[in-house]
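Colleague: In full-length UniProt numbering, the protein residues as written are 1 to 479.
Have a look at the structure that comes next, please.
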Amino acid sequence: MQLVWFRRDLRTLDNPALSAATENGQPVVAVYVATPEQWQHHNLAPIQADLIVRRLFALQQELAELNIPLLYTETADYRKSVHAVLRLAAQLGAGRLFANREYELNEQLRDQVLVSLAESHHIAVHLSHDRCLLPPGSVLNQQQHYFKVFTPFKKQWLKQFYSMSSEVCCPAIASVFDIESFSDVLYAAGFSRFTAQSPFSYPRCNSSDYFSATEDILQRLRQYCCVSLSEYATRRDFPALSGTSQLSPYLAIGALSPRQCVAAMREVQIGEFESGAETWLNELIWREFYQHLCALEPRISREASFHAWGDQLVWRNNPDWFEKWKRGETGYPIVDAAMRQLNRTGWMHNRLRMVVASFLTKDLHIDWRWGEAYFMQRLVDGDFAANNGGWQWSASTGCDGQPYFRIFNPVSQGEKFDPDGTFVRHWLPELSRVPGRFLHKPWLWSDCDTLDYYPPMVDHKQQREIALSLYKSAREQQD
1 MQLVWFRRDL RTLDNPALSA ATENGQPVVA VYVATPEQWQ HHNLAPIQAD
51 LIVRRLFALQ QELAELNIPL LYTETADYRK SVHAVLRLAA QLGAGRLFAN
101 REYELNEQLR DQVLVSLAES HHIAVHLSHD RCLLPPGSVL NQQQHYFKVF
151 TPFKKQWLKQ FYSMSSEVCC PAIASVFDIE SFSDVLYAAG FSRFTAQSPF
201 SYPRCNSSDY FSATEDILQR LRQYCCVSLS EYATRRDFPA LSGTSQLSPY
251 LAIGALSPRQ CVAAMREVQI GEFESGAETW LNELIWREFY QHLCALEPRI
301 SREASFHAWG DQLVWRNNPD WFEKWKRGET GYPIVDAAMR QLNRTGWMHN
351 RLRMVVASFL TKDLHIDWRW GEAYFMQRLV DGDFAANNGG WQWSASTGCD
401 GQPYFRIFNP VSQGEKFDPD GTFVRHWLPE LSRVPGRFLH KPWLWSDCDT
451 LDYYPPMVDH KQQREIALSL YKSAREQQD
């Protein structure tokens, strides 16, 4: 008998650990361990926690069709989760334990402890790569170092990608295992079957707007590839349009794999990818780029700027300004509409993530780490590597970040990417009466005093000059 430890890989299709565990036909038991104190430290969003719970119910049914029971327990943190899983494995007589790797520092340390302790229990641990199409450390330059710039990383990544298979692996049906006869063992180990009564101490927020069933997630993927993918390159930057895949929540919790996304693209794209598919693939490569950095640069998980000079920045960190930014009360409509979308839905359009991040760091001069943490606390698709990479890119402190002197103008960003104001009017109904030419700068409208809206909290032009000075000073200190 052998165990499969599920983490952020909550699916049966294209799950390397599960496929490896079932290939020899032996009985298999699946386990999941909730770690609320660890999640709190990692700022797991309550809406993502709710999606995880809902997904576990769906996963349990899918595993049952493979004769695999799903056992569940809750421990405070990762270290205790290792002891819980190994205790269960020993009491069930499991000789092998399968899991998929995670690349953040705490997760890597957890697995190091797992491998070390398992050896003393005579349990073989098999760790697979699952979160990337090409695992960290496999995309290197001629000096065998990891890439610190995206474009050459992408070039090398594509060389390997076009020669690899995108075939999705499927698990085999396992031998029946009478888990009920081990009820005393499970109780002693602190595990039980996952049910609605299972303890889940972490806060939850309704995620019912997002799918939990595999068939719904895959249908969304197929529909996107067949209907919307061809227009992705031209529609993706406009938040009022349904131009993005909105599959990121499922990639984040592992209900969907990047290989499944590529396989779906290849089903509708014969030969070389057209512009829409190529652009979407580019976004998946950015995701891989940040996953690789996370795995190979542990200091990123310790809140360090990728570029050392970034830690010399003197942030103003005004808590009142931060609260206004969080609530969407900055007086800049595109920023406020984006923040209200995040707060109400747990999701934000990618273009707007860059806009609000630039505003926080370069208009309000607030540490990117504050924004990074708030996003994780709110996002249904929160993923440390992608979130950290995005924030450091916007703050210009990250690997291949935007130049520090590139500072988004919140007015022109709104005018360019929400030209008719559809997105802003949806999230800021108090601006519904404002004529279109004033919508992204309502303070210039002659009747602005009649609006139940906020004046601009800062002057963008002035704050831009301050930002340039702060960044220049930090870089000079490093030199």
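Glycine included, every Cβ here is placed at the ideal spot set by N, Cα and C.
(1) May I ask you to list the residues that DSSP assigns as paired with Glu74?
(2) Could you tell me which uninterrupted alpha helix (DSSP H) segments, each at least 4 residues in length, are contained entirely in the stretch 190 to 220, listed from first to last along the chain?
(3) Give, in chain order, every unbroken run of the alpha helix (DSSP H) that is at least 4 residues long and sits entirely within the UniProt domain "Photolyase/cryptochrome alpha/beta" (1 to 133).
(4) Hey, would you say Cys170 sits closer than 8 angstroms to Leu13, going by beta carbons?
(5) Which same chain residues end up closer than 6 angstroms to Ala58 when comparing Cβ atoms and leaving out the 5 residues on each side of it in sequence?
(6) Under a three-way DSSP split, which group does Tyr146 fall into?
(7) Do you know whose CA, among Arg222, Pro135 and Ala240, lies nearest Leu296's CA?
(8) Can you tell me the Cα-Cα spacing of Ile407 and Arg464, whole angstroms?
(9) Let me know the secondary structure DSSP gives Leu428 once reduced to three states.
(10) Looking only at its chain, what residues have a beta carbon closer than 7 angstroms to the beta carbon of Gln91, apart from the 5 residues adjacent to it on each side?
(11) With a CB to CB cut of under 8 angstroms and the five nearest residues on each side skipped, what residues in its chain are close to Val293?
(12) Among Ala30, Ala84 and Gly436, which one has its Cα closest to the Cα of Pro69?
(13) Can you tell me which of the three DSSP states residue 481 falls into?
(14) Cα separation between Ala277 and Leu218?
(15) Where does Ile366 fall in DSSP's three states?
(16) In this structure, does DSSP put Gly414 in helix, strand or coil?
(17) Would you check if the distance between the CB atom of residue 524 and the CB atom of Val149 is smaller than 8 angstroms?
(18) Assign Ser257 to one of two classes, buried (16 or more other C-beta atoms within 10 Å of its C-beta) or exposed (fewer than that).
(19) Is DSSP giving Asp400 helix, strand or coil here?
(20) With three or more C-beta pairs closer than 8 angstroms as the rule, is the stretch 410 to 418 touching the stretch 426 to 442?
(21) Can you name the start and end residues of the alpha helix (DSSP H) that Ala174 belongs to?
(22) Please report how far the alpha carbon of Trp347 lies from the alpha carbon of Gln246, in whole angstroms.
(23) Distance, Cα to Cα, Thr397 vs Ser473?
(24) When you compare only the Cα positions, how much space is there between Gln2 and Arg87?
(25) Compare the C-alpha of Ser358 against each of Ser19, Pro298, Ile334 and Ala45 and name the closest.
(26) For Met457, which three-state DSSP category applies?
(27) Can you give the Cα-Cα distance for Gln197 and Thr22, rounded to whole angstroms?
(28) In whole angstroms, give me the CA-to-CA distance for Asp342 and Gln377.
(29) Just to confirm, are Val268 and Leu229 a CB contact at a threshold of 8 angstroms?
(30) Pro410: buried (16+ other C-beta within 10 angstroms of its C-beta) or exposed?
(31) Report buried or exposed for Asp367, applying the criterion of at least 16 other Cβ atoms within 10 angstroms of its Cβ.
(32) CB Arg131 to CB Arg110, shorter than 8 angstroms?
(33) For the stretch 235 to 310, list the alpha helix (DSSP H) runs that are entirely contained and at least 4 residues long, ordered along the chain.
(34) Just the C-alpha distance for Leu158 and Asp452, rounded to the nearest angstrom, thanks.
(35) May I ask you to report which of helix, strand or coil DSSP gives Asp383?
(36) Using CA coordinates, which residue listed in Ser432, Phe194 and Arg55 is at the minimum distance from Thr73?
Modeller: On the basis of the data shown:
(1) The count along the sequence shown starts at 1 and reaches residue 74 at position 74. Here Glu74 is bridged, per DSSP, to Ala34.
(2) none
(3) 16 to 22, 36 to 41, 46 to 64, 78 to 92 and 105 to 120
(4) Residue 170 sits at position 170 when you count from the first residue of the sequence shown. Residue 13 sits at position 13 when you count from the first residue of the sequence shown. Yes, the Cβ-Cβ distance between Cys170 and Leu13 is below 8 angstroms.
(5) Within the sequence shown, residue 58 is the residue found at index 58, counting from 1. Closer than 6 angstroms at the Cβ level, and outside the excluded window around Ala58, lie Ser212 and Ala213.
(6) The residue labelled residue 146 in the question sits at position 146 within the sequence shown. Strand, per DSSP.
(7) If you number the sequence shown from 1, residue 296 lands on position 296. For the residues Arg222, Pro135 and Ala240, the minimum Cα distance to Leu296 belongs to Pro135.
(8) One-based indexing of the sequence shown puts residue 407 at position 407. One-based indexing of the sequence shown puts residue 464 at position 464. Going from the Cα of Ile407 to the Cα of Arg464 covers about 7 angstroms.
(9) For the purposes of this step, residue 428 is identified with residue 428 of the sequence shown, where counting begins at 1. Annotated three-state conformation of Leu428 is coil, per DSSP.
(10) As a first step, residue 91 is located in the sequence shown; it is residue number 91 there, counting from the start. Once the five neighbours on either side are set aside, the close Cβ partners of Gln91 are Val185, Ala188 and Ala189.
(11) Position 293 of the sequence shown, counted from the first residue, corresponds to residue 293. In the sequence on display, residue 293 carries Leu and not Val. Excluding residues within five positions, the ones whose Cβ falls inside 8 angstroms are Tyr146, Ile300, Phe306, Ala385, Gly389 and Cys399.
(12) As a working mapping, residue 69 is identified with position 69 in the sequence shown. The shortest CA-to-CA distance from Pro69 to any of Ala30, Ala84 and Gly436 is the one to Ala30.
(13) Outside the shown range of the chain (1 to 479) lies residue 481, about which nothing can therefore be said.
(14) Numbered from its first residue, the sequence shown carries residue 277 at position 277. Numbered from its first residue, the sequence shown carries residue 218 at position 218. Their backbone Cα atoms lie some 17 angstroms apart in a straight line.
(15) Locating residue 366 in the sequence shown gives position 366, counting from the first residue. Ile366: coil per DSSP, three-state reduction.
(16) As a first step, residue 414 is located in the sequence shown; it is residue number 414 there, counting from the start. Residue state for Gly414 is assigned as helix, using DSSP reduced to three classes.
(17) Since the first residue of the chain shown is 1 and the last is 479, residue 524 is not available in this structure.
(18) By 1-based counting over the sequence shown, the position of residue 257 is 257. By the 10 Å Cβ count, Ser257 comes out buried.
(19) Sequence index remark: in the sequence shown, residue 400 carries index 400 (1-based). Looking at Asp400 - three-state DSSP - the assignment turns out to be coil, as it is neither helix nor strand.
(20) yes
(21) Indexing the sequence shown from 1 puts residue 174 at position 174. Here Ala174 belongs to no alpha helix (DSSP H), and DSSP marks it neither H nor E.
(22) Here residue 347 refers to the residue found at position 347 of the sequence shown. Here residue 246 refers to the residue found at position 246 of the sequence shown. Going from the Cα of Trp347 to the Cα of Gln246 covers about 9 angstroms.
(23) Reading the sequence shown from its first residue, position 397 is the one you call residue 397. Reading the sequence shown from its first residue, position 473 is the one you call residue 473. When rounded, the distance between both Cα atoms is 14 angstroms.
(24) Taking the sequence shown and counting its residues from 1, one reaches residue 2 at position 2. Taking the sequence shown and counting its residues from 1, one reaches residue 87 at position 87. Rounded to the nearest angstrom, the two C-alpha atoms are 13 angstroms apart.
(25) Walking along the sequence shown from the start, residue 358 turns up at place 358. The candidate whose alpha carbon is nearest that of Ser358 is Ile334.
(26) One-based indexing of the sequence shown puts residue 457 at position 457. Coil at Met457, not helix or strand.
(27) Numbered from its first residue, the sequence shown carries residue 197 at position 197. Numbered from its first residue, the sequence shown carries residue 22 at position 22. The alpha-carbon atoms of Gln197 and Thr22 are separated by roughly 29 angstroms.
(28) Taking the first residue of the sequence shown as 1, we reach residue 342 at position 342. Taking the first residue of the sequence shown as 1, we reach residue 377 at position 377. Note that residue 342 is Leu in the sequence shown, not Asp. Distance between the alpha carbons of Leu342 and Gln377: 10 angstroms.
(29) On the sequence shown, residue 268 is found 268 positions in, with the first residue counted as 1. On the sequence shown, residue 229 is found 229 positions in, with the first residue counted as 1. Yes, they are a contact pair.
(30) Taking the sequence shown and counting its residues from 1, one reaches residue 410 at position 410. So Pro410 counts as buried.
(31) Translated into positions along the sequence shown, residue 367 becomes position 367. Buried, by the Cβ-count rule.
(32) As a first step, residue 131 is located in the sequence shown; it is residue number 131 there, counting from the start. As a first step, residue 110 is located in the sequence shown; it is residue number 110 there, counting from the start. No. Outside cutoff.
(33) 248 to 253, 258 to 268 and 275 to 296
(34) Here residue 158 refers to the residue found at position 158 when the sequence shown is read from its first residue. Here residue 452 refers to the residue found at position 452 when the sequence shown is read from its first residue. Distance between the alpha carbons of Leu158 and Asp452: 51 angstroms.
(35) To locate residue 383, count along the sequence shown from 1; it is residue 383. It is coil, neither helix nor strand.
(36) To locate residue 73, count along the sequence shown from 1; it is residue 73. The residue with the shortest Cα to Cα distance from Thr73 is Phe194.
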